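I have placed the structure first, in the form of structure tokens, so that the comments after it can refer back to it.
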Amino acid sequence: MPKRKLLLVVALIAAVAAGPVAAQDLVQKGEYVFHAAGCAGCHTDVATKGPRLAGGRALKTPFGIFYSPNITKDPTHGIGGWSDADFLKAVKGGVDKTGRHLFPAFPYPSYTGMTDDDAKAIKAYIFSLPAVPKPNRPHDVSPPFGWRIAAWGWQLLFFSGPAAPPVPAGASEEVKRGHYLATALGHCGECHTQRNMLGVLDLSRHLGGNTAGPGGRVPNITPDKTGIAAMSEDDLMTLLDSGMTPDGDVVGGEMTEVVQETTSKLTPADRKALIAYLRVVTPVHFEKKK
């Protein structure tokens, strides 16, 4: 066999052999990013022990109750018919496969800071899981907030880029990683930052606490005395890993699921990076609830 043909055959064999391995690697990466992005917590109706990722989770907001959609690979009720481009457009652009503008109860203003590769990896992992043929539940939101044209108008007025301040100038690689984990994947600001009456995040109070978050009041996680200033790195590592606070209590409400589904599944290096970023954000004073 001529040398060129032999090399071509060897290359084809190598490509075929590498295919399943590459796909497996993408799924494994996707599983990690999936947890870092908190997908399971919002898209699983834990309260009624609903199927994983089949939607129906109630998200209470000042505008009404939004119910998360089915994101399993079911072709009828889920995202089984979505291409990578469809997925990217929804996750990072706030527009679904049919062209509907998504309500900002879905944190695409934060996810828009996610890399395309990470978003595609999440999709690969989701598509490795079972499909669940569960219909989506309509939102319980009063007009005009439940109208899709309102979502279009909100995006036109307020959605122009990532919903977080940029990474601090001169930041270390660790802080840059922490910024990405906190603002793009973990979308911490979606809950921990105060919003105005139109649901727009007040970035001047980034991560400084929220009086009307999901489930009620959400604490300040900036390095202020009303936030995490008094907590050591060990305190924060323990909290992110197990949910235990320095006084021996455990976090409650939505944060319980965040710990279970997200922060506890991060590598120690990523938890340290997240803490490193929280240490350098602008301190915000937020009076604790009496």
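Numbering-wise (the numbering used here), the sequence shown opens with residue 584 and increments by one. All residues carry an ideal CB built from backbone N, CA and C; glycine is no exception. For clarity, every value in this text was computed on a predicted model and none was experimentally measured.
Residue i and residue j closer than 7 Å at C-beta
i      : j      : result
Ala688 : Leu642 : yes
Ala619 : Leu768 : yes
Ile662 : His626 : no
Asp701 : Val616 : yes
Gly810 : Asn803 : yes
His762 : Ser693 : no
Gly647 : Val724 : yes
Arg788 : Gln777 : yes
Ala606 : Lys656 : no
Ala733 : Pro727 : yes
Phe670 : Lys706 : yes
Gly696 : Thr766 : yes
Asp807 : His868 : yes
Val750 : Val863 : no
Val801 : Ser711 : no
Local conformation of residue i per DSSP, three classes
i      : result
Phe670 : helix
Phe649 : strand
Arg640 : coil
Met827 : strand
Gly682 : coil
Arg720 : coil
Ala630 : helix
Ala601 : Residue placement at Ala601 is poorly supported in this model, since its pLDDT is 47, which falls under 50; the coordinates still yield a value, given next. If DSSP states are grouped into helix, strand and coil, Ala601 belongs with the helices.
Leu739 : helix
Val593 : For Val593, the predicted model reports a pLDDT of 49, less than 50, meaning its position is unreliable; a value from the coordinates is still stated below. Val593: helix per DSSP, three-state reduction.
Arg731 : helix
Leu712 : coil
Val610 : helix
Leu781 : coil
Val833 : strand
Pro692 : helix
Met820 : helix
Ala619 : helix
Ile705 : helix
Ala880 : Beyond the ends of the chain as shown, which are 584 and 873, falls residue 880; an answer cannot be given.
Gly624 : helix
Gly753 : coil
Gly884 : Because the chain spans 584 through 873 in this model, residue 884 falls outside it and cannot be assessed.
Lys848 : helix
Asp657 : coil
Member of the options whose CA lies at the smallest distance from the CA of residue i
i      : options                        : result
Ala630 : Pro645, Val616, Tyr650, Gly613 : Tyr650
Gly639 : Ala623, Gly613, Pro751         : Ala623
Gly799 : Pro634, Gly835, Gly613, Arg788 : Gly835
Gly772 : Leu790, Leu764, Val783         : Leu790
Asp876 : Pro690, Tyr708, Ala714         : Since the first and last residues shown for the chain are 584 and 873, residue 876 lies out of range.
Gly822 : Thr845, Lys808, Asp807         : According to the sequence as given, residue 822 is Leu; it is not Gly. Taking only the C-alpha atoms, the option nearest Leu822 is Thr845.
Thr659 : Pro718, Leu740, Trp730         : Pro718
Pro652 : Gly613, Lys703, Arg720         : Arg720
His775 : Leu609, Ser711, Phe710, Asn793 : Asn793
Lys680 : Tyr691, Pro690, Gly664         : Gly664
Ala704 : Thr805, Val833, Lys612, Pro851 : Lys612
Pro745 : Leu712, Tyr691, Lys848, Leu861 : Tyr691
Thr850 : Val610, Glu614, Leu609         : Glu614
Thr698 : Leu740, Leu764, Glu870, Thr805 : Leu764
Glu837 : Trp730, Gly621, Asp608         : Gly621
Ala747 : Val783, Gly753, Lys848, Glu870 : Val783
Alpha helix (DSSP H) segment containing residue i, residue limits
i      : result
Thr839 : 837–844
Val801 : First-last for Val801: 799–801, but that is the beta strand (DSSP E), not the alpha helix (DSSP H).
Gly761 : 756–762
Gly791 : Where Gly791 is concerned, there is no enclosing alpha helix (DSSP H), given that its DSSP letter is neither H nor E.
Leu857 : 851–863
His775 : 772–775
Answer yes if the segment 804–823 comes into contact with the segment 846–856, meaning at least three C-beta pairs across the two stretches below 8 Å, and no otherwise.
yes
At a cut of 8 Å, does the segment 838–853 reach the segment 818–827 through at least three beta carbon pairs?
yes
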